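**Student:** Residue numbers (our numbering): 12 to 280. By construction, the Cβ of each residue, glycine as well, lies at the ideal position given by its N, Cα and C atoms. Note that this is a predicted model, so its numbers are computed, not measured. Could you have a look at this structure, given as structure tokens, before my questions?
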């Protein structure tokens, strides 16, 4: 039994080291932060101690018969865990980043002190593989539930149209798809309508114009904002540096989004 008396023989405060931080682990351990789907995280969290959750698979990249295979990290879940919950078996790591904010995992000890166990060096998202039959069935069931239980209109996509879209978006991320959609919308507008929209913003402060455009869609490139508003690029960049966040990697690479403190206000508008 641990001694709970201090040097004077009085009962020691169990939280005597509250707020004391041991940062020695930061320089020793580099860790990865992987974001899991909510349902998978709940299943893993509820599993008994010692349960095998799955296998981490490293796929070596290279060329086979002229076909390029990209290096890949994936997770194959233990089938007995996910079967009863109708979850996919196979997951891949997406949006992996090398540059992350200063994040440190920690544990809180019984005496109230905190020990930093390492430093996050990479982050990624664990996403269900689209080739997983269970994922396709889950997506189909979700679509059917939506169309049956809601008043929203769901339009199925023809197989030929889907194949064309896949070929066009083969090497594009989600950010590129958003940008392409915006360009198509812009091309559909008559030239006189585009000019009238630019004239609309002539006497409006650049900051107000940027807020209004971000209320229409959450991600913009500087080029898109310039074409839509008619404002000088120098003014737009100065405003974006003040109220926006620039995405250097991930789904919305090379695009701007409002900072969180401004995002809520823009959405309310």
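May I have the straight-line CA-CA distance separating residue 101 from residue 123, to the nearest angstrom?
**Tutor:** Looking up residue 101 in the chain shown gives position 90. Looking up residue 123 in the chain shown gives position 112. Near 40 Å, if we compare the C-alpha coordinates of residue 123 and residue 101.
**Student:** Output the distance between the C-alpha atoms of residue 29 and residue 125, rounded to the nearest integer angstrom.
**Tutor:** The sequence position of residue 29 within the chain shown is 18, counting from 1. The sequence position of residue 125 within the chain shown is 114, counting from 1. Roughly 8 Å separates the two Cα atoms.
**Student:** Does residue 62 get closer than 9 Å to chain D when you measure Cβ to Cβ?
**Tutor:** The question asks about chain D, but that chain is absent: this structure has only one protein chain.
**Student:** Would you mind listing the alpha helix (DSSP H) stretches within the region 85–156 that are 4+ residues and don't spill past its ends, in chain order?
**Tutor:** Runs found: 90–93.
**Student:** Could you check which residue in 121, 149, 64, 132 has the C-alpha nearest to that of residue 115?
**Tutor:** If you number the chain shown from 1, residue 115 lands on position 104. Of the listed residues, the one whose Cα sits closest to residue 115 is 132.
**Student:** Do you know offhand how far residue 63's Cα is from residue 86's?
**Tutor:** One-based indexing of the chain shown puts residue 63 at position 52. One-based indexing of the chain shown puts residue 86 at position 75. Cα to Cα, the separation comes out at about 12 Å.
**Student:** Which residues in the same chain have their Cβ closer than 8 Å to the Cβ of residue 43, if we skip the five residues on either side of it in sequence?
**Tutor:** Working through the chain shown from its first residue, we reach residue 43 at position 32. The answer, listed in chain order, is 131, 132, 133, 134, 135.
**Student:** Pull the bridge partners of residue 227 from the DSSP assignment, please.
**Tutor:** What you label residue 227 is simply residue 216 of the chain shown in a count that begins at 1. Per DSSP, none; premise fails for residue 227.
**Student:** Just checking residue 235 against the ligand MG - is the residue's beta carbon closer than 8 Å to any of the ligand's heavy atoms?
**Tutor:** Ligands are entirely absent from the displayed structure, and the ligand MG is therefore not among its contents.
**Student:** Just how far apart, CA to CA, sit residue 154 and residue 120?
**Tutor:** The sequence position of residue 154 within the chain shown is 143, counting from 1. The sequence position of residue 120 within the chain shown is 109, counting from 1. Their Cα atoms are separated by approximately 46 Å.
**Student:** Could you check the C-alpha separation between residue 107 and residue 41 for me, to the nearest Å?
**Tutor:** Walking along the chain shown from the start, residue 107 turns up at place 96. Walking along the chain shown from the start, residue 41 turns up at place 30. Between residue 107 and residue 41, the C-alpha separation is close to 15 Å.
**Student:** To which residues does DSSP link residue 74 through a beta bridge?
**Tutor:** Residue mapping note: residue 74 aligns to position 63 of the chain shown, counting from 1. Looking at the DSSP assignment, residue 74 forms a beta bridge with 79.
**Student:** Does DSSP put residue 266 in a helix, in a strand, or in coil?
**Tutor:** Residue mapping note: residue 266 aligns to position 255 of the chain shown, counting from 1. Note: residue 266 maps to strand in three-state DSSP.
**Student:** Going by other Cβ atoms of all chains shown within 10 Å of its Cβ, with 16 needed for buried, is residue 99 buried or exposed?
**Tutor:** Here the question's residue 99 lines up with position 88 in the chain shown. By the neighbour-count rule (16 or more Cβ atoms within 10 Å), residue 99 is buried.
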